[in-house]
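J.: Under the numbering used here, read the sequence shown as residues 106 to 743, first letter to last.
We put the beta carbon where it would ideally sit given N, CA and C, even for glycine.
Note that this is a predicted model, so its numbers are computed, not measured.
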Amino acid sequence: MSPFTRSRQLSDPTEGGTEPDDDTAAKDPAGERAEAETPEAEPDTGAETEPDTAPPAAADTAVDAGQDTAPDPDTAPGPGSDGPPGALKPGWFGWRRRYPRAARGVSVGTTVLAGALVLFALLVPNQVEKIEFASFVRIPAEGVLLAGLLLALPPKARRITAVVMGAFLGLVTILKFVDMGFYQILARPFDLVLDWILIENGTDFLKETFGRTGQVLAVTGVIVLFVAVLVLTTLSMVRLTKLMVRHRPVAARTTLILGTAWITCMTLGLQIGTVPIATKGNAEFLGNRVEQVRAGLKDARVFEKQAAVDAFAKTPPDQLLTGLRGKDVLFTFIESYGRVAIDDPAMAQQTDAVLKEGTGRLKAAGFESRSGWLQSPVTGAGSWLAHSTFLSGLWIKNQQRYRNLTTSDRMTLTNYFGKTGAWRTVGIVPGVRRAWPEGKYFGLDHIYDSEHLGYHGPYFSWTPVPDQFSMEAFQRLEHGKKDREPIMAEIILASSHNPWSPIARMIDWDDLGDGSVFHRIKKEGTNPTEVWKDPEKVRTEYRKAIEYSIRSLTEWVERYGDDDTVLVFLGDHQPVPTVTAGDTGKDVPVTIVAKDKKVLDRVADWNWTDGLKPAANAPRWGMDKFRDRFMTAYGPQG
106 MSPFTRSRQL SDPTEGGTEP DDDTAAKDPA GERAEAETPE AEPDTGAETE PDTAPPAAAD
166 TAVDAGQDTA PDPDTAPGPG SDGPPGALKP GWFGWRRRYP RAARGVSVGT TVLAGALVLF
226 ALLVPNQVEK IEFASFVRIP AEGVLLAGLL LALPPKARRI TAVVMGAFLG LVTILKFVDM
286 GFYQILARPF DLVLDWILIE NGTDFLKETF GRTGQVLAVT GVIVLFVAVL VLTTLSMVRL
346 TKLMVRHRPV AARTTLILGT AWITCMTLGL QIGTVPIATK GNAEFLGNRV EQVRAGLKDA
406 RVFEKQAAVD AFAKTPPDQL LTGLRGKDVL FTFIESYGRV AIDDPAMAQQ TDAVLKEGTG
466 RLKAAGFESR SGWLQSPVTG AGSWLAHSTF LSGLWIKNQQ RYRNLTTSDR MTLTNYFGKT
526 GAWRTVGIVP GVRRAWPEGK YFGLDHIYDS EHLGYHGPYF SWTPVPDQFS MEAFQRLEHG
586 KKDREPIMAE IILASSHNPW SPIARMIDWD DLGDGSVFHR IKKEGTNPTE VWKDPEKVRT
646 EYRKAIEYSI RSLTEWVERY GDDDTVLVFL GDHQPVPTVT AGDTGKDVPV TIVAKDKKVL
706 DRVADWNWTD GLKPAANAPR WGMDKFRDRF MTAYGPQG
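1) Measure the CB-CB distance between L467 and E663 and report whether it falls below 8 Å.
2) Less than 8 Å between the beta carbons of T216 and R344, yes or no?
3) If we ignore side chains and look at the alpha-carbon of each, how far apart do Y665 and V684 end up?
4) Under three-state DSSP, which class holds I552?
5) Using the rule of at least 16 other Cβ atoms within 10 Å of the residue's Cβ for burial, across every protein chain shown, is G745 buried or exposed?
6) Quick one, are the C-beta atoms of R430 and A527 less than 8 Å apart?
7) Can you tell me whether F238 is buried or exposed? The criterion is at least 16 other CB atoms within 10 Å of its CB, across all chains shown.
8) In the segment 309-388, which residue ranges form an unbroken alpha helix (DSSP H) of at least 4 residues, counting only runs that do not cross its ends?
9) Do the CB positions of E590 and R529 come within less than 8 Å of each other?
10) Just the Cα atoms here: how many angstroms apart are A745 and L558?
11) Beta-carbon within less than 6 Å of A446's beta-carbon, same chain only, minus the 5 sequence neighbours each way: which residues are those?
12) Can you find at least 3 beta carbon pairs, one from the segment 594-603 and one from the segment 561-571, that sit closer than 8 Å?
13) Where does E473 sit, in a helix, a strand or coil, going by DSSP?
14) For the alpha helix (DSSP H) that G544 lies in, which residues bound it at each end?
15) Are there three or more Cβ pairs, one per stretch, closer than 8 Å when the segment 507-520 is compared with the segment 543-555?
16) Throw me the rounded Cβ distance for the V675 and V698 pair, which I believe falls under 8 Å.
17) Any beta carbon of chain B sitting closer than 8 Å to that of W614?
18) By DSSP's criteria, L598 is part of a beta bridge. Which residues make up the other side?
19) Label I302 either buried or exposed according to how many other C-beta atoms from any shown protein chain fall within 10 Å of its C-beta, with 16 as the threshold for buried.
20) Does DSSP classify M593 as helix, strand or coil?
21) Could you spell out the range, first to last residue, of the alpha helix (DSSP H) harbouring A720?
22) If I measure Cβ to Cβ from K649 and keep anything under 7 Å in the same chain, skipping five residues before and after, which residues do I get?
23) Pick helix, strand or coil for T631, following the three-state DSSP scheme.
24) Report the option in L255, L340, F273 whose CA atom is closest to the CA atom of R351.
25) Skipping 5 residues on each side, what residues in its chain have a beta carbon closer than 8 Å to that of R732?
26) Where does G271 fall in DSSP's three states?
27) For the segment 245-260 against the segment 201-210, do three or more pairs of beta-carbon atoms, one drawn from each stretch, fall closer than 8 Å, so that the two count as touching?
28) Is there contact here, the segment 235-254 with the segment 349-368, by at least three beta-carbon pairs under 8 Å?
29) Taking the alpha carbon of G477 as the reference point, which residue from I597, A738, F225, N712 has its own alpha carbon closest?
30) Round the Cβ separation of I533 and I597 to the nearest angstrom and send it over; I've been treating them as touching at under 8 Å.
31) Check D669 in the structure and name its three-state DSSP category.
32) Taking D284 and Q232 to be in contact with their CB atoms under 8 Å, please state how far apart those CB atoms are, rounded to whole angstroms.
33) Given a threshold of 16 other Cβ atoms within 10 Å of its Cβ, counted over all protein chains shown, does V277 qualify as buried or as exposed?
34) For L299 versus G392, is the C-beta distance shorter than 8 Å?
35) Between which residues of its own chain and F436 is the CB-CB distance below 6 Å, once the five residues before and five after are set aside?
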């Protein structure tokens, strides 16, 4: 066969093409006879050839286990080429020709890595806690089916399918990585319909916690990782497809064996520990996502019907909250104050001591307290969803519901206090440090954010204002004024907000000043970067933050509370899984404190526990049930 004939064969798809295929390539019998009669050995171009026409091996011929079946541009003859047409040219700047063994090793290694990456993408779980060795020695049904499909398709369709499926596998892997992050913070997977807004909130949290540089580095790293995953899974799928086609008989037998093994393992329920050997995890993963999207799209209609039902919408203002007239009512949220702080053996002893101390000091000051449990709609984060659930009497479990709520005319507890005309309604929200248009929805007469509390001290990680200072600012700006009207206040205590390092500590209330004293206190605190390397240190700092928030609140009541003070305080959600150690419970403590015995008598039938610590078997309600029960208890019929 002449070099001219060889060149035509390489350029003609029907004669070997750029991807030879034994079910599409047709040989010319006359060409075969001519080639058989030619004693001259042709250089290997990487194209698929019959055994009886294969040229003898040459020392400078690269044999590539994962090499494309398409002709190598380095082997194609061209103007100014050295040597005869078709001779192997020095590819990779001559490196392949000079070091054929190393070139083969690199090629084989690349193919192995491509296979490992595809297998990883098929098998990796979407939760960090489920990643173990057994997870990666399973047989994925999706991989077996995909291999069979690629082997059965004609060349052009196969190439397109390999690219599309590689990119799709990359997207699925990225979604699993995102799920890992959401499980670590919110103990649930990412919602493809409702959670996009939380990505912006997450980047803001990074900026506020680690600064602008930390935010940029983290976001850049995530983007680079995601792009790399998408590109590499696509390239890996294409490479493995070409390898299977080149070794079609072996690939077909292997696929058949793996398919049979999968059916056998699935039928017999074979496992490695608790991990099934046969898995269809990706199909189930995607199926759950489809159902999640459908539910998300229907949720808006469901929520609209729920929001239309309000037992107090037609109640006259003079019949609302009559049992609290003349009282100062404070609804106070303690960030991340979850049941784990009370029940977890590693924290229970210290937290119990703080709650007992607070109960005793309040009782000595003439106050009584009752405590129970509420179930929050969220865990790990999403405080605003819990706050709006508590105040609106609706289950606000996602951002879509929150937006629908805050653009509706649904009345909240704060709205109803304002509707009576008997209270001045204010908000102490130190965590707000930019425009908060939703604040208008809650009907507060005045909102004090982080810029309007008179604080001139440092941030404590995410926390703009220490809790003790926030409570003192409330006293200075509102509660301590003379000749004022009764106050209803919504107060957010943010010192127990993740990442709990560094945290403030209690000081003499008379020494608070403008908060400058906290510069020194912050220097005494821990470094969040070091703390978050050790889960036990994280749990310790969390416990200390909760203790600080509880002391700030109870000491304020002891110091400034009077006969007309009614305090309702609660946690908004459980902390992140690093602290809860995988517990997905959503219970938070809730407590009512008052000096007037009549206030607590109205909730006697709630059967809550005496003191600041709810008993393990104390009543447990959904957080959305509190509004109506509270308004009923303190209404005319309470």
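T.: Taking the geometry as given:
1) In contact: L467 and E663 (Cβ atoms closer than 8 Å).
2) In this structure, R344 lies closer than 8 Å to T216 by Cβ.
3) Each residue's Cα considered, the two are about 33 Å apart.
4) In this structure, I552 counts as strand in the three-state DSSP scheme.
5) Beyond the ends of the chain as shown, which are 106 and 743, falls residue 745; an answer cannot be given.
6) Taking the C-beta atoms as reference points, A527 is found nearer than 8 Å to R430.
7) Flag for F238 reads exposed.
8) Whole alpha helix (DSSP H) segments, 4+ residues: 353-373.
9) It is a contact, given that the beta carbons lie within the stated cut-off.
10) Residue 745 cannot be examined here, being either before or after the span of the chain that is shown, 106 to 743.
11) Cβ neighbours of A446 within its own chain (closer than 6 Å, five residues either side excluded): M452, T456, I651.
12) Of all C-beta pairs linking the segment 594-603 to the segment 561-571, three or more are shorter than 8 Å, placing the two stretches in contact.
13) Strand, per DSSP.
14) No alpha helix (DSSP H) contains G544, which DSSP labels as neither H nor E.
15) Note that the segment 507-520 touches the segment 543-555; at least 3 beta-carbon pairs, one per stretch, sit closer than 8 Å.
16) Correcting the residue type first, residue 675 is Leu in the shown sequence and not Val. The beta carbons of L675 and V698 sit about 12 Å from each other, so the pair does not count as a contact at 8 Å.
17) In summary, chain B is missing from the structure at hand, where a single protein chain is found.
18) I439.
19) I302 is exposed by the Cβ-count criterion.
20) In this structure, DSSP gives M593 an extended state, which the three-state scheme calls strand.
21) For A720, no alpha helix (DSSP H) encloses it, and the DSSP letter there is neither H nor E.
22) Here the set comprises I608.
23) For T631, the secondary structure class from DSSP, reduced to helix, strand or coil, is coil.
24) The candidate whose alpha carbon is nearest that of R351 is L255.
25) Correct list, in chain order: F495, L496, S497, G498, T517, L518.
26) Of the three classes helix, strand and coil, the one that applies to G271 here is helix, per DSSP.
27) Judged by Cβ distances under 8 Å, the segment 245-260 makes no contact with the segment 201-210, as fewer than three pairs qualify.
28) Between the segment 235-254 and the segment 349-368 there are three or more C-beta pairs closer than 8 Å, enough to call the two in contact.
29) Closest by alpha carbon: N712.
30) About 7 Å separates the two Cβ atoms, so the contact holds.
31) In the three-state scheme derived from DSSP, where H, G and I count as helix and E and B as strand, D669 is classed as coil.
32) That pair is a contact at about 7 Å.
33) The residue in question, V277, is buried, as its Cβ has 16 or more Cβ neighbours within 10 Å.
34) Result no, Cβ atoms of L299 and G392 do not sit closer than 8 Å.
35) Cβ within range, chain order: E595, V673.
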